[in-house]
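Residue numbers (this note's numbering): 12 to 267. Note that the Cβ used here is the ideal one computed from N, Cα and C, for glycine as well. Below you'll find the structure, written out as structure tokens, and then a few comments.
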């Protein structure tokens, strides 16, 4: 435990030192002054120390890891915002939102990469111990059997119903414009999501798959005003999956 604390402190100090050096190198290119101001040095040092703190795992269990990661992301975003405001002179809210979006995206990619590496180590350890492997990353293998169903109602059914509407020369596309987005998509997405949740637990890739599979149909059959159709399949899919997962947990609790 003591060794871990010293390792964490060493990472923080190394990150702070790199941040200080970075302020001396980069400040002349992003500021009007020839040398870095004291505030810029302080912010770069703090940002470097914060990033250095992420070199080691935050916690051993999932909830604590997620909580510490969110706190660390918030601290990083605050320091980057202050650096952009004080040192760069950024005042445009849209530009600030763009920088924050890039920061969150990079943070999420790094976090996901580290999680995948940790998961691979766990699977290797379970294999060495002769245990059955755990669930696949993001439960993609558990979600895969539902992909043909998603493709059926998201990519096959819309053009078929659209063809039927045009074949009968209806003034209002009842099937593709009303029945599909307001009845078929929510109902089947919810029911399939609930089935998946009862069998495999929480699978967040399922609603994402529904959204992405239906997205091409929006621009092929409809237009950008029909983007809400993606939500009409993704949100019920998420709700059904969460409900099925809760039912699964309740049934497991009753058996125990």
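Between residue i and residue j, what straight-line distance do the alpha-carbon atoms span, to the nearest angstrom?
{"i": "residue 190", "j": "residue 247", "result": "16 Å"}
{"i": "residue 93", "j": "residue 54", "result": "8 Å"}
{"i": "residue 101", "j": "residue 62", "result": "22 Å"}
{"i": "residue 110", "j": "residue 34", "result": "19 Å"}
{"i": "residue 194", "j": "residue 105", "result": "37 Å"}
{"i": "residue 121", "j": "residue 220", "result": "22 Å"}
{"i": "residue 263", "j": "residue 135", "result": "27 Å"}
{"i": "residue 91", "j": "residue 149", "result": "30 Å"}
{"i": "residue 166", "j": "residue 241", "result": "12 Å"}
{"i": "residue 161", "j": "residue 224", "result": "7 Å"}
{"i": "residue 252", "j": "residue 85", "result": "29 Å"}
{"i": "residue 172", "j": "residue 157", "result": "22 Å"}
{"i": "residue 31", "j": "residue 50", "result": "11 Å"}
{"i": "residue 112", "j": "residue 265", "result": "43 Å"}
{"i": "residue 26", "j": "residue 52", "result": "13 Å"}
With DSSP collapsed to three states, give me the class of residue i.
{"i": "residue 214", "result": "coil"}
{"i": "residue 102", "result": "coil"}
{"i": "residue 65", "result": "coil"}
{"i": "residue 182", "result": "coil"}
{"i": "residue 146", "result": "coil"}
{"i": "residue 20", "result": "helix"}
{"i": "residue 163", "result": "helix"}
{"i": "residue 58", "result": "helix"}
{"i": "residue 234", "result": "coil"}
{"i": "residue 140", "result": "coil"}
{"i": "residue 219", "result": "helix"}
{"i": "residue 264", "result": "helix"}
{"i": "residue 203", "result": "helix"}
{"i": "residue 75", "result": "helix"}
{"i": "residue 48", "result": "coil"}
Stretch-stretch touch, CB-based, cutoff 8 Å, three pairs: the region 207-221 with the region 229-237
no
Three-pair Cβ contact test at 8 Å for the region 216-231 versus the region 174-189 | no
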